[in-house]
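Following: one structure in structure tokens, then a few remarks.
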Amino acid sequence: MAAGLEVHATQKDEAKVLYINGFINAHTVQDFERSIQSVLSEQNYRILINCKDLEYINSSGLGVLMGVIEEIQDNNGFLYLSDMNDTVFNIFDTLGFTHLFKVFDAEVEALDSLKGVSDSAVNED
Amino acid sequence: MAAGLEVHATQKDEAKVLYINGFINAHTVQDFERSIQSVLSEQNYRILINCKDLEYINSSGLGVLMGVIEEIQDNNGFLYLSDMNDTVFNIFDTLGFTHLFKVFDAEVEALDSLKGVSDSAVNED
Amino acid sequence: MKELPTGAIQVTFPSDTVYVHMAITVASNAATIAGFDKAIASKVALATDEAVTNVIKHAYDGRNDKLITLKAEITPESLTVKVVHTGKALTNEDVKLPNMEKYLKAKKPGGLGLYIMKQFMDEVDFLVGKEHCCQMTKYRLVDKSGG
Amino acid sequence: MKELPTGAIQVTFPSDTVYVHMAITVASNAATIAGFDKAIASKVALATDEAVTNVIKHAYDGRNDKLITLKAEITPESLTVKVVHTGKALTNEDVKLPNMEKYLKAKKPGGLGLYIMKQFMDEVDFLVGKEHCCQMTKYRLVDKSGG
Ligand SMILES: Nc1ncnc2c1ncn2[C@@H]1O[C@H](COP(=O)(O)OP(=O)(O)O)[C@@H](O)[C@H]1O
Ligand SMILES: Nc1ncnc2c1ncn2[C@@H]1O[C@H](COP(=O)(O)OP(=O)(O)O)[C@@H](O)[C@H]1O
Numbered sequence: 001m002a003a004g005l006e007v008h009a010t011q012k013d014e015a016k017v018l019y020i021n022g023f024i025n026a027h028t029v030q031d032f033e034r035s036i037q038s039v040l041s042e043q044n045y046r047i048l049i050n051c052k053d054l055e056y057i058n059s060s061g062l063g064v065l066m067g068v069i070e071e072i073q074d075n076n077g078f079l080y081l082s083d084m085n086d087t088v089f090n091i092f093d094t095l096g097f098t099h100l101f102k103v104f105d106a107e108v109e110a111l112d113s114l115k116g117v118s119d120s121a122v123n124e125d
Numbered sequence: 001m002a003a004g005l006e007v008h009a010t011q012k013d014e015a016k017v018l019y020i021n022g023f024i025n026a027h028t029v030q031d032f033e034r035s036i037q038s039v040l041s042e043q044n045y046r047i048l049i050n051c052k053d054l055e056y057i058n059s060s061g062l063g064v065l066m067g068v069i070e071e072i073q074d075n076n077g078f079l080y081l082s083d084m085n086d087t088v089f090n091i092f093d094t095l096g097f098t099h100l101f102k103v104f105d106a107e108v109e110a111l112d113s114l115k116g117v118s119d120s121a122v123n124e125d
Numbered sequence: 001m002k003e004l005p006t007g008a009i010q011v012t013f014p015s016d017t018v019y020v021h022m023a024i025t026v027a028s029n030a031a032t033i034a035g036f037d038k039a040i041a042s043k044v045a046l047a048t049d050e051a052v053t054n055v056i057k058h059a060y061d062g063r064n065d066k067l068i069t070l071k072a073e074i075t076p077e078s079l080t081v082k083v084v085h086t087g088k089a090l091t092n093e094d095v096k097l098p099n100m101e102k103y104l105k106a107k108k109p110g111g112l113g114l115y116i117m118k119q120f121m122d123e124v125d126f127l128v129g130k131e132h133c134c135q136m137t138k139y140r141l142v143d144k145s146g147g
Numbered sequence: 001m002k003e004l005p006t007g008a009i010q011v012t013f014p015s016d017t018v019y020v021h022m023a024i025t026v027a028s029n030a031a032t033i034a035g036f037d038k039a040i041a042s043k044v045a046l047a048t049d050e051a052v053t054n055v056i057k058h059a060y061d062g063r064n065d066k067l068i069t070l071k072a073e074i075t076p077e078s079l080t081v082k083v084v085h086t087g088k089a090l091t092n093e094d095v096k097l098p099n100m101e102k103y104l105k106a107k108k109p110g111g112l113g114l115y116i117m118k119q120f121m122d123e124v125d126f127l128v129g130k131e132h133c134c135q136m137t138k139y140r141l142v143d144k145s146g147g
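Same order as they appear, the protein sequences are chains Y, D, B and G.
Counting from 1, position 1 in the first sequence corresponds to residue 1 in the working numbering; the numbering is continuous, with no gaps.
Counting from 1, position 88 in the second sequence corresponds to residue 88 in the working numbering; the numbering is continuous, with no gaps.
Counting from 1, position 49 in the third sequence corresponds to residue 49 in the working numbering; the numbering is continuous, with no gaps.
Counting from 1, position 49 in the fourth sequence corresponds to residue 49 in the working numbering; the numbering is continuous, with no gaps.
What follows is the structure, given as structure tokens:
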């Protein structure tokens, strides 16, 4: 319906990887929030969001990330992002969200960075 | 400027391959026509249009193809097309242009079809 | 199931081909909002392109300083796209469609716009009045059995 | 060099979030027509998204049966996007922008819309009148030396 949103979750190595497909705006943000909350409700706090097919995100989508980062960090988890297109990276960068969330060029780099790394070492900087 | 159009031409094996990038509509069709005419003016009548990055074509674009096919056939040439997206293929198919122009899934198939084939055998059916 | 939205969008722009791409993205967005899939949305977009381009070329004789209004109306039954202008009127009686078999043999460019509109939409009507209008409708597949 | 086009587009749609994507594609198309590159066109689109979403959420309190008009005006100097509505007015004095350093430490969601609009456009103004308007301008890089 309209510019829609689809989210698929898969366990990969140490992380729950969320694949986001479509547009996150005021119309679709509830679907995005529900997907993240359902991951958290299963006590998964090690999350990588692959943005390869995320075409667009507005401030309501950033609000969702802001709203869960504390719970994730309190549980020694992490929220990584990867594979952003230029439009999506630009808004993250402009707002300084790249200091709050680790952003990787590619999913494999994010997963590699987890290998052989203890829980305590994967906190945000 | 608006939804634009870019055309690049390269000689490959037996064919002049045109790579079309963008949108062909009433606003950009002159650029498309100029590109084809400049190939024909060099007596190149063996043409493959790779539509990989052609996002859209309307009836004015089809009109350009209609306008040159006779000159090409009169010179024992061909006008092949390849790598169409669904939207572009759909209009070709609906209008019956697939009977007038050979459409290949991929550029390599179009080029393969030319290998070891004599001039007289590559006429349209 | 989500309820299908109803509503209307209206966009006004100068009669210049530089705006045609903008106009067809509005039409295609309206089709998506109305619940049509990507394939049908591109057909609506193409029919809209041909209708708007005809108004610029024929109704306004290529003048780029006139106005065109595109209306997209979403109802429970259908999406209707109207291309409204104040140029030369076209009537339903004026519409001559090519015989495609002969057309493809003749290999003459042009004359495909009206054919595409009729082919890709369910209904195409030309209305003459204070303003003239090309009105094109695409029907939803309504399942009469369900709520 | 091609002449830069001037002109205005105006689109009216219901105050429902389902139409926001359509509205921002109009804004982004207008930016492209005005000669801005893809990166700037996406900034204009995002600022427009935030302005339209604010009107739906705040000016109209989430009601989806009101009307919003988006105007995009292309001049030789700039592109101006106006989001016009008849809901609650916001004035320039009302606008409080977050201190981003504190904001990122506080980790509270929301409150980024106005900041994004100010960040991504050159000028943002809120006009109060019979209809209210959020007016945002992006300037072209005009080379004063050339024709
Ligand atoms: N909106 C219009 N107003 C006036 N005449 C029109 C309009 N649309 C089409 N026509 C007439 O119908 C003819 C066929 O139109 P069309 O099938 O779109 O092909 P083309 O535009 O390539 O000629 C046009 O050549 C023109 O004479
Ligand atoms: N168009 C508007 N009409 C009335 N109030 C508004 C409008 N836009 C914003 N506001 C007010 O300004 C505040 C900040 O807006 P914004 O930065 O977009 O963040 P958010 O919408 O997430 O709260 C809103 O919470 C609201 O109180």
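Just so you know, even glycine gets a beta-carbon here, dropped at the ideal spot from N, CA and C.
Shortest gap from the CB of Lys88 (chain G) to any heavy atom of ligand 2: under 6 Å. Lys105 (chain B) has its alpha-carbon roughly 30 Å from the corresponding atom of Asp13 (chain D). Ligand 2 has a heavy atom closer than 6 Å to the beta-carbon of Ala59 (chain G).
DSSP places Leu67 (chain G) outside any alpha helix (DSSP H); the residue lies instead in the beta strand (DSSP E), whose first and last residues are Leu67 to Ile74. Under the three-state reduction of DSSP, Thr87 (chain Y) is assigned to helix.
In the DSSP annotation of this structure, Ile56 (chain G) is not part of any beta strand (DSSP E), being labelled neither H nor E.
For His21 (chain B), there is no enclosing beta strand (DSSP E); the residue is part of the alpha helix (DSSP H) that begins and ends at Val20 to Ile33.
Judged by pairs of C-beta atoms under 8 Å, the region 55-72 of chain Y touches the region 97-111 of chain Y, as three or more such pairs exist. The closest CA to that of Phe120 (chain G), considering only G:Asn29, G:Leu46 and G:Ala30, is found on G:Leu46.
Spatial neighbours of Tyr139 (chain B) in its own chain (CB-CB distance under 7 Å, excluding positions within 5 residues in sequence) are listed in chain order as Glu77, Ser78 and Asp122. Between Val128 (chain G) and Ala72 (chain G), the gap from beta carbon to beta carbon reaches 7 Å or more. Of all alpha-carbon atoms in Y:Ile57, Y:Asp112, Y:Gly22 and Y:Gln43, the one lying nearest the alpha-carbon of Glu71 (chain Y) is that of Y:Gln43.
Between ligand 2 and Asn54 (chain G), a heavy atom-to-CB distance of less than 6 Å is present. Distances from the CB of Gly22 (chain D) to the heavy atoms of ligand 1 are all 6 Å or more.
Distance from the CA of Gly61 (chain Y) to the CA of Asn25 (chain Y), rounded to the nearest whole angstrom, comes to 6 Å. Residue range Ser59 to Asp74 is occupied by the alpha helix (DSSP H) that includes Ser60 (chain Y). Here the C-alpha atom of Val83 (chain B) lies approximately 7 Å from the C-alpha atom of Ile68 (chain B).
Shortest gap from the CB of Gly96 (chain D) to any heavy atom of ligand 1: 6 Å or more. Contact residues of the region 50-69 of chain G toward chain Y are Glu50, Thr53, Ile56 and Lys57 (C-beta to C-beta distance below 8 Å). Nearest in C-alpha terms to Lys66 (chain B), of all of B:Asp16, B:Phe126, B:Met100 and B:Met117, is B:Asp16. Distances from the alpha-carbon of Asp86 (chain Y) to those of G:Gly113, G:Thr6, G:Ala39 and G:Lys96 put G:Ala39 closest. With respect to the 7 Å criterion, Glu107 (chain D) and Asn50 (chain D) are classified as neighbours on the basis of their beta carbons. Proximity of chain D to Lys107 (chain B) at the Cβ level (cut-off 7 Å) is accounted for by Met66, Ile69 and Glu70, in chain order. Following the DSSP letters along the chain, one finds Ser82 (chain Y) in no alpha helix (DSSP H) but inside the beta strand (DSSP E) bounded by residues Phe78 to Ser82.
Taking C-alpha positions only, Gly113 (chain B) is separated from Cys134 (chain G) by approximately 39 Å. Judged by DSSP in its simplified three-state form, Arg46 (chain D) adopts strand.
For Thr12 (chain B), the C-beta contacts it makes with chain G under 9 Å involve Ala8, Ile9, Gln10, Val11 and Thr12, in order along the chain. Distances from the CA of Asn99 (chain G) to each of G:Asn29, G:His85, G:Lys118 and G:Gly87 were compared; the closest alpha carbon is that of G:Lys118. Placement of the Cβ of Leu114 (chain G) at a distance of less than 6 Å from at least one heavy atom of ligand 2 is found. Contiguous beta strand (DSSP E) elements confined to the region 114-143 of chain B occur at 123-127 and 132-139, taking only those with 3 or more residues. In the DSSP assignment, the residues bridged to Val11 (chain B) are B:Leu70 and G:Val11. At least one beta carbon of chain Y lies nearer than 7 Å to the beta carbon of Ile116 (chain G). The shortest C-alpha to C-alpha distance from Ser41 (chain Y) to any of Y:Phe104, Y:Lys16 and Y:Phe92 is the one to Y:Lys16. The beta carbon of Val81 (chain B) sits no closer than 7 Å to any beta carbon of chain G.
Cα atoms of Leu18 (chain D) and Met22 (chain B): separation of roughly 27 Å, rounded to the nearest angstrom. In terms of Cβ geometry, Val7 (chain D) and Ser38 (chain D) do not form a close pair [threshold 7 Å].
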